[in-house]
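Visitor: For the protein sequence lines, the chains are D and U, in the order given. Anchor point for the first sequence: position 44 equals 44 in our numbering, and the numbering is continuous, going up by one each time. Anchor point for the second sequence: position 56 equals 407 in our numbering, and the numbering is continuous, going up by one each time.
2 protein chains.
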Amino acid sequence: MSKFFSPKFSRLIPYVPGEQPKDKSRFIKLNTNESPFPPSPKAQKFAAEAIEKTMLYSDPECFKLRAALADIYGVGAENVICGNGSDDILNFAFSAFCDDKTPAVFADITYGFYKVFAEYNRVPYKIIPLKDDFTIEPTEYYNAEGTVFIANPNAPTGIALSVGDIEGIIQNNPDNIVVVDEAYVDFGAQSCVPLTKKYDNLIVTQTFSKSRSLAGARLGFATADKELITDLNTIRNSTNPYNVNSVTQAAGIGSLEDQEYTIKNCKKIIETREKTVEELKKLGFVLTNSSANFIFASHPEKSGEKIYKELKERGVLIRHFDAPRITNYNRITVGTDEEMKALIDNLECIL
Amino acid sequence: MSKFFSPKFSRLIPYVPGEQPKDKSRFIKLNTNESPFPPSPKAQKFAAEAIEKTMLYSDPECFKLRAALADIYGVGAENVICGNGSDDILNFAFSAFCDDKTPAVFADITYGFYKVFAEYNRVPYKIIPLKDDFTIEPTEYYNAEGTVFIANPNAPTGIALSVGDIEGIIQNNPDNIVVVDEAYVDFGAQSCVPLTKKYDNLIVTQTFSKSRSLAGARLGFATADKELITDLNTIRNSTNPYNVNSVTQAAGIGSLEDQEYTIKNCKKIIETREKTVEELKKLGFVLTNSSANFIFASHPEKSGEKIYKELKERGVLIRHFDAPRITNYNRITVGTDEEMKALIDNLECIL
């Protein structure tokens, strides 16, 4: 820290993204929930065509991309905002809808960035612990007296709430915003996007990083009531109106025009997840009921940290969180069948 | 604005980017200082190759890109940070280095986003008016008692300070940060990047949007003392660690490996600017001495707004700022010789 750094950030501890090894070819990389499949050929084609025009600014309104999203998700284009990943939009939401009088409200075990967004935006936050089985008790979020952030499915547990449970939270917070972060929704959970047409206090964020194989392109979006989108755009246009580059906008449109590809990949990942879950159970692992493209697992006979370290030595990278309550767990991205076989083989040797 | 929007932003008026017409082919577009030349073939090639790997996250540390920048600009990789455009990094600087006790300090006529960044980050700002001839008086920035932001060349005037003048400002602000925004430096001004090796209170930002024809790819960077880079990274990693996508990182590396292309394009744009300046003078225009890829011009017989509107009707888009002191001026991007001929022809008809 330099002597010039504002003391207002003295408590700020940045988010630590999952390890990105310099030489990725050395690892079976199951640590950052990337898709094992390449982006849709149509996404690649549209992106490639956009490159030669990058001397011109990208469309700051993402007009065509928002129209394509609106079409697929059954909302109006005025109900959509795009971001440089969904983190971008989540940060806008912490900024726009939280302040000294309106804390952020989220679970103790959830996406680790929520706490950082709150600290960065210097807003208070209220933590609601998950139950012992890592599930959320919806009624604990009723009348939250703050802006609620729920990852659904939750990370790193993979456990999903039903739309009915979330609708209960929304209905019981008429004076609060509820943000549902659906980064992993395409792998078996129900989406709350249709509810954004019914409630003026709901924001649903999604990402192209997981099911759409575009993590490296950085694209996320949110749907919400038009007025909430206006507020999010006020923040976006006060920080970086050109937040989504033109190649990524083109890739996003290509991906949306190739829905079958995404659906097929998600189906395959779900199948592989379920097979892997069975194999892990045979090895004695204790698992949550994941609706995501990852598995959250602990073993009664070996610590989470040891499993993580020994797998890394063997060239398999998974994610270990050195955090209360979950230190014995690891989060394992669902890759290809071959990658998961290698994982199981290595675990058999370790245990 | 929704009823949920935090009152802390009640005064916030977002930045308005230059008009991006839906159908760009209808206009000769001289309003957002884009390059008339496509990105370097090498930038395009590297970007195209990166697309097929976008299922993986981009390198959050921009390791290879920072190394390439360090190599070209003669600094260490640890002295470089990359951003989603240089706006991204300027916003980080307002956030990291300004607060209630440390106002932002900038000119009355300069890049319009500085005021928005200050308002968004809720930090006070001190305005130092340009002299009547739109030049900066360097000594007015001595002992600024705040974080100084200077666009060099300045926008929308195009007028540059010498490195010596800026070094005077840096030396006379040992307890303040000086941020030099060199978005347009490649078109004839002197860069302060070498000074970042000498002073621990200097940050220099640059962009790939202008001279490197990559506005649509969104890439900017800053060089500074290592400790200042650490502070900027604390902000980056608390908002969006994957701020630069992988295709853009690849395009940036390609551009840096093809310096001749950038240098050739800048030379051509400077030549076209100087020719256009002569033509405009013949038509009676009053011009600033621009070292940028734009011209700032007023005409004694016709208002800036009228010239802007009449040119737009004729399919030539330039930028008019409805702001005190410069309302009679227009900012005209330097395009190709053909585009500038069309501009002059249309102006001859209008006047």
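Every residue, glycine too, gets a C-beta built ideally from N, C-alpha and C.
Using 8 Å as the cut-off, can you tell me whether the region 158 to 165 of chain D makes contact with the region 100 to 120 of chain D, which would need three or more C-beta pairs spanning the two stretches below that distance?
Guide: no
Visitor: Over the uninterrupted alpha helix (DSSP H) stretch that includes I501/U, give me the two end residues.
Guide: Along the second sequence, read from residue 1 onward, the residue named residue 501/U stands at position 150. Unbroken run through I501/U is the beta strand (DSSP E), 498 to 502; no alpha helix (DSSP H).
Visitor: If we define contact as Cβ-Cβ less than 9 Å, is Q320/U a contact residue for chain D?
Guide: Residue 320/U is absent from the model: chain U starts at 352 and stops at 702.
Visitor: Measure how close the beta-carbons of A447/U and S290/D come, nearest whole angstrom, since I'm counting them as under 8 Å.
Guide: Along the second sequence, one-based indexing puts residue 447/U at 96. Along the first sequence, one-based indexing puts residue 290/D at 290. Going by Cβ atoms, the distance from A447/U to S290/D rounds to 38 Å, so no, they are not a contact pair.
Visitor: Out of G304/D, D337/D, K29/D, state which residue places its alpha-carbon closest to the alpha-carbon of N328/D.
Guide: Position 328 of the first sequence, counted from the start, is the residue given in the question as residue 328/D. Measuring from the Cα of N328/D, the nearest candidate turns out to be G304/D.
Visitor: Considering Q206/D, what are the terminal residues of the beta strand (DSSP E) in which it resides?
Guide: The sequence position of residue 206/D within the first sequence is 206, counting from 1. Start and end: 202 to 207.
Visitor: Can you give me the Cβ contacts of A495/U inside the same chain, cut-off strictly under 6 Å, excluding the 5 residues immediately before and after it?
Guide: The residue labelled residue 495/U in the question sits at position 144 within the second sequence. Within the same chain, A495/U has close Cβ partners V456, N524, N527.
Visitor: Going along chain U in order, which residues have a C-beta closer than 8 Å to the C-beta of S213/D?
Guide: Taking the first residue of the first sequence as position 1, residue 213/D is located at position 213. Those are T405, M406, listed as they occur along chain U.
Visitor: Excluding five sequence neighbours on each side, which residues of the same chain lie with their C-beta closer than 7 Å to the C-beta of C266/D?
Guide: As a first step, residue 266/D is located in the first sequence; it is residue number 266 there, counting from the start. Taken in chain order, the residues that qualify are D186, F187, S211.
Visitor: Flag this pair as touching only if the region 668 to 685 of chain U and the region 374 to 385 of chain U have three or more C-beta atom pairs under 8 Å; answer yes or no.
Guide: yes
Visitor: Does any residue of chain U have a CB that is nearer than 9 Å to the CB of C98/D?
Guide: Position 98 of the first sequence, counted from the start, is the residue given in the question as residue 98/D. It does: the Cβ of C98/D has a partner Cβ on chain U nearer than 9 Å.
Visitor: For P480/U, which of N505/U, K404/U, F355/U, K626/U has the nearest alpha-carbon?
Guide: If you number the second sequence from 1, residue 480/U lands on position 129. When only C-alpha atoms are compared, the closest one is N505/U.
Visitor: So that I know if they touch, is there some Cβ in chain U lying closer than 9 Å to that of P194/D?
Guide: Looking up residue 194/D in the first sequence gives position 194. No, its Cβ sits nowhere closer than 9 Å to a Cβ of chain U.
Visitor: Counting only runs of 3+ residues fully inside the region 192 to 279 of chain D, write out the beta strand (DSSP E) ranges in chain order.
Guide: Unbroken beta strand (DSSP E) stretches of 3 residues or longer found wholly inside the region 192 to 279 of chain D: 202 to 207, 220 to 224, given in chain order.
Visitor: Using only the alpha-carbon positions, how far apart do D87/D and V316/D sit?
Guide: Translated into positions along the first sequence, residue 87/D becomes position 87. Translated into positions along the first sequence, residue 316/D becomes position 316. If I take the Cα positions, the gap works out to 27 Å.
Visitor: If you check the beta carbons only, do T547/U and A575/U fall under 9 Å apart?
Guide: By one-based count along the second sequence, residue 547/U stands at place 196. By one-based count along the second sequence, residue 575/U stands at place 224. Result yes, Cβ atoms of T547/U and A575/U sit closer than 9 Å.
Visitor: Please go through the same chain and pick out, in chain order, the residues whose beta-carbon is closer than 7 Å to the beta-carbon of Y242/D, but skip the five residues on each side of it.
Guide: As a working mapping, residue 242/D is identified with position 242 in the first sequence. Result list for Y242/D: Y57, S58, P60, in chain order.
Visitor: Do I169/D and V148/D have their C-beta atoms within less than 9 Å of each other?
Guide: As a position in the first sequence, residue 169/D is number 169, starting the count at 1. As a position in the first sequence, residue 148/D is number 148, starting the count at 1. Going by C-beta atoms, I169/D is nearer than 9 Å to V148/D.
Visitor: Name the chain U residues whose beta carbon is nearer than 8 Å to that of S35/D?
Guide: Within the first sequence, numbered from 1, the residue matching residue 35/D stands at position 35. M406, listed in chain order.
Visitor: Given that Y602/U touches chain D, what residues does it touch there, using C-beta distances under 9 Å?
Guide: In the second sequence, counting from the first residue as 1, residue 602/U sits at position 251. Residue identity differs from the one stated: residue 602/U is Ala in this sequence, not Tyr. By Cβ distance, chain D contributes I51, T54, V247.
Visitor: Let me check one thing: in DSSP terms, what residues is C433/U bridge-paired to?
Guide: Position 82 of the second sequence, counted from the first residue, corresponds to residue 433/U. Answer by DSSP bridge pairing, in chain order: F572/U.
Visitor: Applying the 10 Å Cβ sphere with the 16-neighbour rule, what's the burial state of R273/D?
Guide: For this step, residue 273/D is matched to residue 273 along the first sequence. It counts as buried.
Visitor: DSSP on K126/D, reduced to helix/strand/coil?
Guide: Position 126 of the first sequence, counted from the first residue, corresponds to residue 126/D. The three-state secondary structure of K126/D, taken from DSSP, is strand.
Visitor: Between N152/D and N591/U, what straight-line distance do the alpha-carbon atoms span, to the nearest angstrom?
Guide: Taking the first sequence and counting its residues from 1, the one referred to as residue 152/D is at position 152. Taking the second sequence and counting its residues from 1, the one referred to as residue 591/U is at position 240. It is roughly 21 Å from the alpha-carbon of N152/D to the alpha-carbon of N591/U.
Visitor: If the criterion is Cβ atoms closer than 9 Å, does the pair F672/U and H650/U meet it?
Guide: For this step, residue 672/U is matched to residue 321 along the second sequence. For this step, residue 650/U is matched to residue 299 along the second sequence. In this structure, H650/U does not lie closer than 9 Å to F672/U by Cβ.
Visitor: Buried or exposed: where does C82/D fall if 16 or more other Cβ atoms within 10 Å of its Cβ makes it buried?
Guide: Position 82 of the first sequence, counted from the first residue, corresponds to residue 82/D. With 16 or more Cβ atoms within 10 Å of its Cβ, C82/D is classed as buried.
Visitor: Residue ranges of each beta strand (DSSP E) run of no fewer than 3 residues wholly in the region 620 to 679 of chain U, ordered along the chain?
Guide: 645 to 649
Visitor: Identify, in the order they occur along the chain, each residue of the same chain with its Cβ nearer than 8 Å to the Cβ of D337/D, setting aside the five sequence neighbours on each side.
Guide: Your numbering for residue 337/D matches position 337 in the first sequence. The residues are T272, K275.
Visitor: Am I right that T581/U and P14/D are in contact with their C-beta atoms under 8 Å? What's the rounded C-beta distance?
Guide: Taking the second sequence and counting its residues from 1, the one referred to as residue 581/U is at position 230. Taking the first sequence and counting its residues from 1, the one referred to as residue 14/D is at position 14. The pair is not a contact, with the Cβ atoms about 10 Å apart (cut-off 8 Å).
Visitor: For the region 459 to 490 of chain U, enumerate the residues whose C-beta is nearer than 8 Å to any C-beta of chain D, in chain order.
Guide: Of all residues in the region 459 to 490 of chain U, V467, F468, E470, Y471 have a Cβ within less than 8 Å of some Cβ in chain D.
Visitor: The alpha helix (DSSP H) with A342/D in it runs from where to where?
Guide: Position 342 of the first sequence, counting from 1, holds the residue named residue 342/D. Run containing A342/D: 337 to 350, per the alpha helix (DSSP H) assignment.
Visitor: Any Cβ of chain D within less than 9 Å of the Cβ of T581/U?
Guide: For the purposes of this step, residue 581/U is taken as the residue at position 230 of the second sequence. Taking Cβ atoms only, chain D reaches closer than 9 Å to T581/U, which makes this a yes.
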